[in-house]
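Peer 1:
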Amino acid sequence: MKKAYLGLAALAVLGTGSLASCNQASGIMIWGPSEEQPVIDTIIGEYNEANPENKIEYRFRAIEEGTASSDFEKDPLQKNYPSLIAVVDGSLSEMHNTYNCIAPVPTDVAAEIEKTNAEKAVATAKVDDTMYAYPISADNGYFLYYNNEYFSADEAKSMETLLATAKAKGKKVLFDLDNGYYSASVFMSPEVFGTEKGISWHYNDKNEVVYDMEWATDKGAQVAMDFSNLIVPYVKDGTLIEGDNTAISTLSAKGDLQAVVSGTWVFADLTKNWGADKVEGTKLPTFNSTFPDKETPTTCQLASFIGSKLYVVNSRATAEEQADAHKIAQLLTSKEGQLERWAVRAAKPANLEACEDEAYTSTRNAAIEGLEAQEPYGAIQAQVVESFYWTPGENVGRALMQGYFDSASPLTTRDEWKAALKVAIESLVDPSKRVVG
9 MKKAYLGLAA
19 LAVLGTGSLA
29 SCNQASGIMI
39 WGPSEEQPVI
49 DTIIGEYNEA
59 NPENKIEYRF
69 RAIEEGTASS
79 DFEKDPLQKN
89 YPSLIAVVDG
99 SLSEMHNTYN
109 CIAPVPTDVA
119 AEIEKTNAEK
129 AVATAKVDDT
139 MYAYPISADN
149 GYFLYYNNEY
159 FSADEAKSME
169 TLLATAKAKG
179 KKVLFDLDNG
189 YYSASVFMSP
199 EVFGTEKGIS
209 WHYNDKNEVV
219 YDMEWATDKG
229 AQVAMDFSNL
239 IVPYVKDGTL
249 IEGDNTAIST
259 LSAKGDLQAV
269 VSGTWVFADL
279 TKNWGADKVE
289 GTKLPTFNST
299 FPDKETPTTC
309 QLASFIGSKL
319 YVVNSRATAE
329 EQADAHKIAQ
339 LLTSKEGQLE
349 RWAVRAAKPA
359 NLEACEDEAY
369 TSTRNAAIEG
379 LEAQEPYGAI
389 QAQVVESFYW
399 TPGENVGRAL
409 MQGYFDSASP
419 LTTRDEWKAA
429 LKVAIESLVD
439 PSKRVVG
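Here the sequence shown stands for residues 9 to 445, where the numbers follow my numbering.
1. I'd like the list of long-range same chain contacts for proline 439, defined as Cβ closer than 8 Å, with 5 residues on each side in sequence excluded.
2. Please say whether leucine 292 and phenylalanine 151 have beta carbons closer to each other than 8 Å?
3. Determine the contact status of alanine 192 and glycine 411, defining contact as a CB-CB distance below 8 Å.
4. Classify proline 60: buried if its beta carbon has 16 or more other beta carbons within 10 angstroms, exposed otherwise.
5. Could you tell me whether the stretch 98 to 111 touches the stretch 391 to 401, using the rule of 3 or more Cβ pairs below 8 Å?
6. I'd like the list of long-range same chain contacts for glutamine 32, defined as Cβ closer than 8 Å, with 5 residues on each side in sequence excluded.
7. CA-CA distance, glutamate 383 and glycine 149?
8. Look up glycine 386 in the DSSP assignment and give the residues it is bridged to.
9. Around the Cβ of leucine 85, are there at least 16 other Cβ atoms within 10 angstroms (buried) or fewer (exposed)?
10. Going by DSSP, name the residue or residues bridged to leucine 182.
11. Could you pull out every residue in the same chain whose Cβ sits closer than 6 Å to the Cβ of methionine 196, ignoring the five residues on either side in sequence?
12. What three-state label does DSSP hand arginine 406 in the structure shown?
13. Look up glutamate 222 in the DSSP assignment and say whether it is helix, strand or coil.
14. Can you grab the Cα-Cα spacing for the pair serine 370 / proline 300, in whole Å?
15. Here's the rule: buried if 16 or more other CB atoms are within 10 angstroms of the residue's CB, otherwise exposed. What is glycine 246?
16. Once you ignore the five residues that flank aspartate 277 on each side, which residues in its own chain have a CB closer than 7 Å to its CB?
17. Could you work out which residue in Gly405, Ala416, Glu424 and Ala325 is closest to leucine 185 when comparing CA atoms only?
18. Among the residues of its own chain, which have a CB less than 7 Å from the CB of aspartate 264, if the five just before and after it don't count?
19. Can you find the residues in the same chain that come closer than 6 Å, C-beta to C-beta, to valine 117, ignoring five residues on each side of it along the sequence?
20. Flag this pair as yes or no: are the beta carbons of isoleucine 38 and glycine 345 separated by less than 8 Å?
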């Protein structure tokens, strides 16, 4: 059955401009992951069939969203440069603020995106309240997977019970805290320093990025100490481990790993290794911390980064190429485009109508359940200026797992943790301390 939006309805959305450059021999270049190509081929193919007098021609280069921005930023007008690029939302602020290489979304189109897409997905597509991207999906975040053969839903609710149960049953839990993407979850907790913006920052009078970090305070130090004291014994006995996607695949296949903090990208491996009926997805666990101004412990919900995959338009491309790229981006991120992506890539739609469509609601899986359960505790990743944050974030996460920073001397008091956190994040709050190169 042909989709009506690919006929006259599409022309109303796309406007009356021609697709002249797309009708040339080669058309504009689109960059995206290899998994995106069948989505593009189907959506544009159906458009072309419905609009034979205004066909779209294009070329495609397979490149992962996580690396596309850095490859593109090196030279936006490199040979065979893209006019339309799929990126992760965390790349957006740097692409605009540092490299000025992406074009804003036309005002009328931005208003339509804002009306038809999830609020947080819309927020990830903006820089300083101006929309610079088209939301592709709303699934760039992490949560907890667990095998229901070894853990109950109640045991998965807190780090204390999750780790104790794993140890008792001789199984492992993976939480890649040696990674700034995950280590921030402790401090972004709503009960600690959490805000919807997560790790916020501002420009100082020298136009330097300064992070608004509050971690090196009595409260931050107490939380770090309490969380570290909780997990270090389990790190030492091998119950709690860190690792990448390869480690998750390998260890879950061996049967050692039965609970994982990760995202939708490992769902297929866990389903294969644990069994489809064993995989459960839920929000991240809680942990307890006794704040300096309280006598009893506070239950803190681990937070996460949450974000979207996005299409951006090359602002250095010709005006005609940019116009065509905007038109194609609208097709690929429409309700129908996002449902096609769900069918092909299991990418959670950002489009509100797509999220209510039976094609999506009848095929939801454990990964989507986990993603949506964690969403209320998700901070917008696009707020992070990647080139500055990740190394300090890794240092903090490593210390949480070890119980110490640069030496092997354990940090045993709040003041010691406070001093260590201050050193670890100094470059974020004081740009003069940054090492560039």
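Note that the Cβ used here is the ideal one computed from N, Cα and C, for glycine as well.
Peer 2: With the given structure in hand:
1. Reading the sequence shown from its first residue, position 431 is the one you call residue 439. Excluding residues within five positions, the ones whose Cβ falls inside 8 Å are Asn212, Lys214, Glu216, Val217 and Val218.
2. Working through the sequence shown from its first residue, we reach residue 151 at position 143. Working through the sequence shown from its first residue, we reach residue 292 at position 284. In this structure, leucine 292 lies closer than 8 Å to phenylalanine 151 by Cβ.
3. What you label residue 192 is simply residue 184 of the sequence shown in a count that begins at 1. What you label residue 411 is simply residue 403 of the sequence shown in a count that begins at 1. No; because the gap between Cβ atoms is not below 8 Å, this pair is not in contact.
4. Here residue 60 is taken as the residue at index 52 of the sequence shown, counted from 1. Label assigned to proline 60: exposed.
5. yes
6. Along the sequence shown, read from residue 1 onward, the residue named residue 32 stands at position 24. Note that glutamine 32 has pLDDT 44, beneath the 50 cutoff, so the model's placement of it is unreliable and no number is given.
7. Along the sequence shown, one-based indexing puts residue 383 at 375. Along the sequence shown, one-based indexing puts residue 149 at 141. Straight-line Cα distance between these residues: approximately 8 Å.
8. Within the sequence shown, the letter at position 378 stands for residue 386. Ser312, per the DSSP bridge assignment.
9. One-based indexing of the sequence shown puts residue 85 at position 77. Leucine 85 is exposed by the Cβ-count criterion.
10. Against the sequence shown, residue 182 aligns to sequence position 174. Paired residues: Ile249 and Val268.
11. Numbered from 1 along the sequence shown, position 188 holds the residue referred to as residue 196. Gly202, Gly206, Ala311 and Ala387.
12. Taking the first residue of the sequence shown as 1, we reach residue 406 at position 398. DSSP places arginine 406 in helix when its eight states are reduced to three.
13. On the sequence shown, residue 222 is found 214 positions in, with the first residue counted as 1. Three-state DSSP puts glutamate 222 in coil, outside helix and strand.
14. As a first step, residue 370 is located in the sequence shown; it is residue number 362 there, counting from the start. As a first step, residue 300 is located in the sequence shown; it is residue number 292 there, counting from the start. If I take the Cα positions, the gap works out to 48 Å.
15. Mapped onto the sequence shown, residue 246 falls at position 238. It is exposed - the Cβ of glycine 246 has fewer than 16 other Cβ atoms within 10 Å.
16. To locate residue 277, count along the sequence shown from 1; it is residue 269. Hits under 7 Å: Ile256, Ser257 and Ser260.
17. Residue mapping note: residue 185 aligns to position 177 of the sequence shown, counting from 1. Nearest of Gly405, Ala416, Glu424 and Ala325 to leucine 185, Cα basis: Gly405.
18. In the sequence shown, counting from the first residue as 1, residue 264 sits at position 256. Same-chain partners within the cutoff: Lys179 and Lys180.
19. In the sequence shown, the residue the question calls residue 117 occupies position 109. Within the same chain, valine 117 has no close Cβ partners at all.
20. Within the sequence shown, numbered from 1, the residue matching residue 38 stands at position 30. Within the sequence shown, numbered from 1, the residue matching residue 345 stands at position 337. Going by C-beta atoms, isoleucine 38 is not nearer than 8 Å to glycine 345.
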